[in-house]
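4 protein chains.
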Amino acid sequence: MITVIEKVRFYETDMMGIVHHSNQIRWFEVARCEYLRQAGIDLFALMDGGITFPIKHVSCEYISPINYGDTIEITTYLHKLSRAQMVFAYRISNQEDGTVMATGMTQNVFTHKKDGTVARLDTEAYAKLKKCYEEDLKNPQTGGMSIG
Amino acid sequence: MITVIEKVRFYETDMMGIVHHSNQIRWFEVARCEYLRQAGIDLFALMDGGITFPIKHVSCEYISPINYGDTIEITTYLHKLSRAQMVFAYRISNQEDGTVMATGMTQNVFTHKKDGTVARLDTEAYAKLKKCYEEDLKNPQTGGMSIG
Amino acid sequence: MITVIEKVRFYETDMMGIVHHSNQIRWFEVARCEYLRQAGIDLFALMDGGITFPIKHVSCEYISPINYGDTIEITTYLHKLSRAQMVFAYRISNQEDGTVMATGMTQNVFTHKKDGTVARLDTEAYAKLKKCYEEDLKNPQTGGMSIG
Amino acid sequence: MITVIEKVRFYETDMMGIVHHSNQIRWFEVARCEYLRQAGIDLFALMDGGITFPIKHVSCEYISPINYGDTIEITTYLHKLSRAQMVFAYRISNQEDGTVMATGMTQNVFTHKKDGTVARLDTEAYAKLKKCYEEDLKNPQTGGMSIG
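Protein chains in written order, with my numbering: chain W, -19 to 128; chain H, -19 to 128; chain F, -19 to 128; chain G, -19 to 128.
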């Protein structure tokens, strides 16, 4: 489980005066990329090896509106893992008072760039992720996370 | 049921070489706004009356990668309607060959701008939407749409 | 000189209630890409050949605010051309009444992807662009365009 | 003069493999908003008082490509100030080695939201900004900044 902190930008708002709902999806990505970085996965090396990791499914439950200037925490953990896919769960909270503002999940599938067929993650990268996944399984904080 | 056509822009891609997955969520909005416009709902008038319509839930199933330069059709219909909420379903297809590239759904909840409490759509606007919803219910093309 | 038409999207607005000013820069790109397409330049083929075309300079003069739902025309022409660079000029107008809403310019430099050094466009692609550039030079409509 | 730090996000890249050039314009905004916040200017209060501050001019010189994962510093200072407008200058550098990656400038004009006419900043807010502007004038680090 990792947490990243973001400060909401003016350009992330829309004319309703709150954050546009596509940004929660982008913040999930920020947290997921940081999780992978901390796990030791190099996305450039994956892509140089011809592997991409497109999103196959996203869902997000928007619980409270997020405003310009809010400081938010995006927490993520691995909910499912195989050599062909990763499912991450997310929670976005207001740093000031802990209010949960959104929850969600994403599924990435490893894919051969050249023809779009499903790829299997190499043994070394998979071992790194599996270690993190097992730590997440043991973590009581992730057990109770809703996955929107 | 309405369909809008978009030509995929360069800035909508990411370094994996395909469309970034937040754009499908944005295209759903383009289609939803056009549906509301054709239904006779004026979003400026709603907002001037103190009503906003934030998204409460989004989901998207990404079936095929979308590329720069693709011409896509985004089809949407009202899947559920009450005076407090609208649920839309979506399908994104490649215009050239009809391949389905994504499906999804969104839930909007009518909300009082001043305090964030749930609002009820006024009778006139609701009647306009209800008429469209009933046409969608009778449309055999929307019945079979997966809602990702 | 070519013109593309866009309908302003809800997600392109910000909490000031108007289009966020980064979108004019993105619309310039939409027009530039369409210009290149009509000129017979294939951006995928360029990139497959190891050539990228990053932006080196952008400027934009914002003359009138652009609103959600506006239909806009983005007109562009080649202002300068060499085998190493392209300078495009732009004008964004309101389709309804012709009001000029923004003007601007961009400079792209052809670059070798592998090391970032300046590249020279191949003879065939350059000839295609030169033909368009010469037509733009003769066009009285582009002569008077401000380049913001 | 203030500096904000950003870590480049995956979604900020495009299919050329580098940051899309509209993001530098957005990062200028992040720095400008932080400058205003540190100066004691409350953008919500301004807007509640019927004043908006749309961008009238932007320019950016792109010196080096910015990549996913880079940590960048965005430095900004007030280059010109009156009660009707603010001109900010910017420099984006790579935190690791100090390489300058972009420079730029923006002009905001204070505007009455209701009719789009030019507004004049209230005395209290103007005094706060003027104090910062005078500090910037005295700062030898801002004197030498190119304003792209």
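Each residue gets a CB set at the ideal place from its N, CA and C atoms; glycine is no exception.
9 Å Cβ cutoff, residue i in contact with chain W
{"i": "Leu23(G)", "result": "yes"}
{"i": "Asp(-6)(F)", "result": "yes"}
{"i": "Lys93(H)", "result": "yes"}
{"i": "Glu115(G)", "result": "no"}
{"i": "Tyr42(H)", "result": "yes"}
Enclosing alpha helix (DSSP H) for residue i [first to last residue]
{"i": "Arg6(F)", "result": "Ser2 to Ala19"}
{"i": "Met27(W)", "result": "Leu23 to Asp28"}
{"i": "Ala105(W)", "result": "Thr103 to Lys118"}
Residue i burial status per 10 Å Cβ neighbour count (16 or more: buried)
{"i": "Leu26(F)", "result": "buried"}
{"i": "Pro34(W)", "result": "buried"}
{"i": "Gln4(H)", "result": "buried"}
{"i": "Asp22(H)", "result": "exposed"}
{"i": "Asp28(G)", "result": "exposed"}
{"i": "Glu114(W)", "result": "exposed"}
{"i": "Gly96(F)", "result": "exposed"}
{"i": "Gly30(W)", "result": "exposed"}
{"i": "Arg71(F)", "result": "buried"}
{"i": "Ile98(H)", "result": "In the sequence as displayed, the identity of residue 98(H) is Val instead of Ile. That one is exposed."}
{"i": "Ala11(H)", "result": "buried"}
{"i": "Phe133(W)", "result": "Since the displayed chain W opens at -19 and closes at 128, residue 133(W) lies outside it and no answer follows."}
{"i": "Leu61(H)", "result": "buried"}
Extent of the continuous beta strand (DSSP E) run through residue i
{"i": "Tyr48(G)", "result": "Premise fails: Tyr48(G) is in no beta strand (DSSP E) and is neither H nor E."}
{"i": "Ala82(W)", "result": "Val80 to Val89"}
{"i": "Tyr42(G)", "result": "Ile35 to Tyr42"}
{"i": "Thr(-17)(G)", "result": "Ile(-18) to Lys(-13)"}
{"i": "Met66(F)", "result": "Gln65 to Asn74"}
Own chain, CB closer than 6 Å to residue i, minus 5 neighbours either side, in chain order
{"i": "Lys(-13)(F)", "result": "Thr51"}
{"i": "Leu16(W)", "result": "none"}
{"i": "Ala105(G)", "result": "Ile21"}
{"i": "Asp116(W)", "result": "Met(-19), Tyr57, Leu58 and Thr122"}
{"i": "Thr55(G)", "result": "Thr(-17) and Arg71"}
{"i": "Met66(F)", "result": "Asn88"}
{"i": "Lys36(H)", "result": "Gln87 and Val89"}
Cα-Cα separation between residue i and residue j, rounded to whole angstroms
{"i": "Gly(-3)(H)", "j": "Arg(-11)(H)", "result": "12 Å"}
{"i": "Tyr48(H)", "j": "Asn119(W)", "result": "41 Å"}
{"i": "Thr91(H)", "j": "Thr79(H)", "result": "37 Å"}
{"i": "Glu41(G)", "j": "Thr122(F)", "result": "24 Å"}
{"i": "Val38(H)", "j": "Gly84(H)", "result": "7 Å"}
{"i": "Ser2(W)", "j": "Arg6(H)", "result": "7 Å"}
{"i": "Lys108(H)", "j": "Cys13(H)", "result": "14 Å"}
{"i": "Glu(-8)(W)", "j": "Tyr(-9)(G)", "result": "13 Å"}
{"i": "Thr(-17)(F)", "j": "Cys112(F)", "result": "14 Å"}
{"i": "Met(-19)(W)", "j": "Leu58(G)", "result": "41 Å"}
{"i": "Ser44(W)", "j": "Asp(-6)(W)", "result": "15 Å"}
{"i": "Thr103(G)", "j": "Phe8(H)", "result": "45 Å"}
{"i": "Ala134(W)", "j": "Asp77(H)", "result": "Given a span of -19 to 128 for chain W in the structure shown, any question on residue 134(W) remains unanswerable."}
{"i": "Phe68(F)", "j": "Phe68(H)", "result": "40 Å"}
Cβ of residue i within 9 Å of any chain G Cβ
{"i": "Tyr48(H)", "result": "yes"}
{"i": "His59(F)", "result": "no"}
{"i": "Val89(W)", "result": "no"}
is_contact[residue i, chain H] using C-beta, thresh 9 Å
{"i": "Ser62(G)", "result": "no"}
{"i": "Gly29(G)", "result": "no"}
{"i": "Phe(-10)(G)", "result": "yes"}
{"i": "Arg100(W)", "result": "no"}
{"i": "Lys36(W)", "result": "yes"}
{"i": "Ser39(G)", "result": "no"}
{"i": "Lys118(W)", "result": "no"}
{"i": "Ser2(G)", "result": "yes"}
{"i": "Glu76(W)", "result": "no"}
{"i": "Glu9(F)", "result": "yes"}
{"i": "Ile54(W)", "result": "no"}
{"i": "Ile5(W)", "result": "yes"}
Cutoff 9 Å: residue i Cβ touching any chain A Cβ
{"i": "Ile(-2)(F)", "result": "The structure shown contains no chain A; the protein chains it does contain are W, H, F and G."}
Proximal residues to residue i (C-beta, below 7 Å), its chain only, five neighbours per side dropped
{"i": "Gln75(G)", "result": "Ile(-15), Thr51, Ile52 and Glu53"}
{"i": "Ile46(G)", "result": "Val(-12), Ile(-2), Val(-1), Ile52 and Met81"}
{"i": "Lys110(F)", "result": "Leu61"}
Proximity test, Cβ basis, 9 Å: residue i and chain F
{"i": "Thr51(G)", "result": "no"}
{"i": "Ser73(G)", "result": "no"}
{"i": "Thr32(G)", "result": "yes"}
{"i": "Arg12(G)", "result": "no"}
Chain-order list of residues whose beta-carbon lies under 8 Å from that of residue i (same chain, five-residue window excluded)
{"i": "Lys134(W)", "result": "The question about residue 134(W) has no answer here: the residues shown for chain W are numbered -19 through 128."}
{"i": "Ala64(G)", "result": "Val89, Phe90, Val98, Ala99, Arg100 and Leu101"}
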